[in-house]
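What follows is a set of notes on a single structure, which appears directly below.
Residue numbers (the numbering used here): 75 to 168.
And the structure:
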């Protein structure tokens, strides 16, 4: 098992998510082309596989079933995500 953790501005480390065997993480970063903004910590003995993509279009063509799986996982995560209204995040002083 792997936990993804982020460091809050107050210095506290919080767990964002826990992944089990045969689950993938970091693919949203891969698809968006952004930097990964959390740390990963092994909770049990494990072997990690790193997918390095140098040519994104070629990766899509050669791994279409895997990419389709990742899109399905992302859609599932979005379906279960909580919606936060941006206006609700404003403070009284804004």
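All residues carry an ideal CB built from backbone N, CA and C; glycine is no exception.
C-beta atoms of residue i and residue j nearer than 8 Å
{"i": "residue 134", "j": "residue 126", "result": "no"}
{"i": "residue 82", "j": "residue 88", "result": "yes"}
{"i": "residue 110", "j": "residue 103", "result": "yes"}
{"i": "residue 114", "j": "residue 144", "result": "no"}
{"i": "residue 90", "j": "residue 112", "result": "yes"}
Paired residues, beta bridge with residue i - DSSP
{"i": "residue 89", "result": "79"}
{"i": "residue 115", "result": "77"}
Nearest candidate by alpha-carbon position, reference residue i, set the options
{"i": "residue 122", "options": "79, 80, 94", "result": "94"}
{"i": "residue 108", "options": "114, 115, 100", "result": "100"}
{"i": "residue 146", "options": "97, 112, 116", "result": "97"}
{"i": "residue 148", "options": "105, 84, 90", "result": "105"}
{"i": "residue 116", "options": "92, 151, 152, 86", "result": "92"}
Counting only runs that start and end within the region 92-149, where is the beta strand (DSSP E) found for 3 or more residues in a row?
113-116
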